[in-house]
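Peer 1:
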Amino acid sequence: MSTRTCRQVVELRQSTLRPGIHPSTIDKLIKEAVMKALKHISTYLLVCTLVVILQPLSGIAQQNSDPSKPKLRPSPTQRDGEHDFDFNFGTWKTHVSRLVHPLTGSKQWVEYDGTSVVSKVWNGRASLFEL
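Once you know that position 87 of the sequence shown is 88 in our numbering, the rest is easy, because the numbers rise by one and skip nothing.
#1: What would DSSP say about Ser107, mapped onto helix, strand or coil?
#2: Could you tell me whether the Cβ atoms of Glu131 and Val118 are closer together than 7 Å?
#3: Quick check: the Cα distance between Met2 and Leu58, rounded to an integer number of angstroms?
#4: Identify the continuous beta strand (DSSP E) that holds Leu100 and give its terminal residues.
#5: Just to confirm the assignment, what range does the beta strand (DSSP E) spanning Glu131 have?
#6: Looking only at DSSP bridge pairs, what is Ser116 linked to?
#7: For Trp110 and Val101, which I take to be in contact (beta-carbon distance under 8 Å), what is that distance rounded to the nearest angstrom?
#8: Pull up the distance between the alpha-carbon of Gln9 and that of Thr44, whole angstroms please.
#9: Cβ atoms of Gly115 and Thr92: under 7 Å apart, would you say?
#10: Since Ser120 and Phe90 are thought to touch, with beta carbons under 8 Å apart, how far apart are those beta carbons, to the nearest angstrom?
#11: Relative to the C-alpha of Glu83, which candidate in Gly125, Thr50, Ile42, Leu47 has its C-alpha closest?
#12: Just how far apart, CA to CA, sit Gln56 and Lys37?
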């Protein structure tokens, strides 16, 4: 609502206390004020909708006109991460501690010693962990 519209509504509410003004006149003025406010809101919504709809067009306008040149060059430090966990492969001595009854306040632990073997599968794209 604009400032003038808000003032009109306040004046109308104050005028209801005075005799001589017909209630239908007050209702008519209030409806007009509400309609003005709705008109402003619908205008703002229309502008926002157009901005959202037309936003992808700015990306189309910025496309490379020479497709023979690659747009993005791969950096020399770009990695695929395929060998990030190679240190894990091999045979390892393990020690595992397990709480017998968790979440019950128990303090009884069971301990296991063993050997785990980690090997490559799928040409090194995954690893298999054997206990």
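Built from N, CA and C at the ideal position, the CB exists for glycine as well.
These numbers were taken from a predicted model, which means no experiment stands behind them.
Peer 2: On the basis of the data shown:
#1: In the sequence shown, counting from the first residue as 1, residue 107 sits at position 106. If DSSP states are grouped into helix, strand and coil, Ser107 belongs with coil.
#2: Position 130 of the sequence shown holds residue 131. Position 117 of the sequence shown holds residue 118. Yes, the Cβ-Cβ distance between Glu131 and Val118 is below 7 Å.
#3: Working through the sequence shown from its first residue, we reach residue 2 at position 1. Working through the sequence shown from its first residue, we reach residue 58 at position 57. Legend: pLDDT at Met2 = 49, less than 50; position of this residue unreliable, no value from coordinates given.
#4: Stepping through the sequence shown from its first residue, residue 100 is reached at position 99. Its beta strand (DSSP E) spans residues 91 to 100.
#5: Taking the first residue of the sequence shown as position 1, residue 131 is located at position 130. Note, Glu131: beta strand (DSSP E), 127 to 131.
#6: Within the sequence shown, residue 116 is the residue found at index 115, counting from 1. One point to set straight first is that residue 116 is Thr, not Ser, in the sequence displayed. In the DSSP output, where bridge partners are listed per residue, Thr116 has Lys94.
#7: Locating residue 110 in the sequence shown gives position 109, counting from the first residue. Locating residue 101 in the sequence shown gives position 100, counting from the first residue. Indeed they touch by this definition, with Cβ atoms about 7 Å apart.
#8: Sequence index remark: in the sequence shown, residue 9 carries index 8 (1-based). Sequence index remark: in the sequence shown, residue 44 carries index 43 (1-based). Approximately 22 Å between the Cα atoms of the pair.
#9: Numbered from its first residue, the sequence shown carries residue 92 at position 91. Numbered from its first residue, the sequence shown carries residue 115 at position 114. Taking 7 Å as the Cβ cut-off, Thr92 and Gly115 do not qualify as a contacting pair.
#10: Stepping through the sequence shown from its first residue, residue 120 is reached at position 119. Stepping through the sequence shown from its first residue, residue 90 is reached at position 89. The Cβ separation is near 6 Å, so the contact holds.
#11: Along the sequence shown, read from residue 1 onward, the residue named residue 83 stands at position 82. Taking only the C-alpha atoms, the option nearest Glu83 is Gly125.
#12: Here residue 56 corresponds to residue number 55 of the sequence shown, with the count starting at 1. Here residue 37 corresponds to residue number 36 of the sequence shown, with the count starting at 1. Those two C-alpha atoms are separated by around 29 Å.
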